[in-house]
Amino acid sequence: MAIIDIIPQLDDKELANLRANAVRLADSGAPKQKADAAELLPAIEAELAERLAKKPPKARRGKKDVLH
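Just so we're aligned, residue 7 is where the sequence shown starts under my numbering, counting upward by one.
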């Protein structure tokens, strides 16, 4: 199974680690590594964006409405 196929199955920490490695290899890897990273990065970014969109909004902290 190709790495790109398992991206949806990775947990958030694994996905962040994969992204960091892909960015690093895109910048300083061998030609094959750069090509592989360039192929993976859009799929990783899309998965991250999808997960972010599915997360509930953070609760806002501030003054509470007080009824008198």
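Glycine included, every Cβ here is placed at the ideal spot set by N, Cα and C.
With 16 or more other Cβ atoms from the protein chains shown falling within 10 Å of its own Cβ, R25 counts as buried. Distance check between A22 and each of L47, P63, R66, A59 places L47 closest, using alpha-carbon atoms only.
Residue A49 holds the alpha-carbon nearest to the alpha-carbon of L16 among R67, A49, A65, P63. The C-beta of L31 has 16 or more other C-beta atoms within 10 Å across all chains shown, which makes the residue buried.
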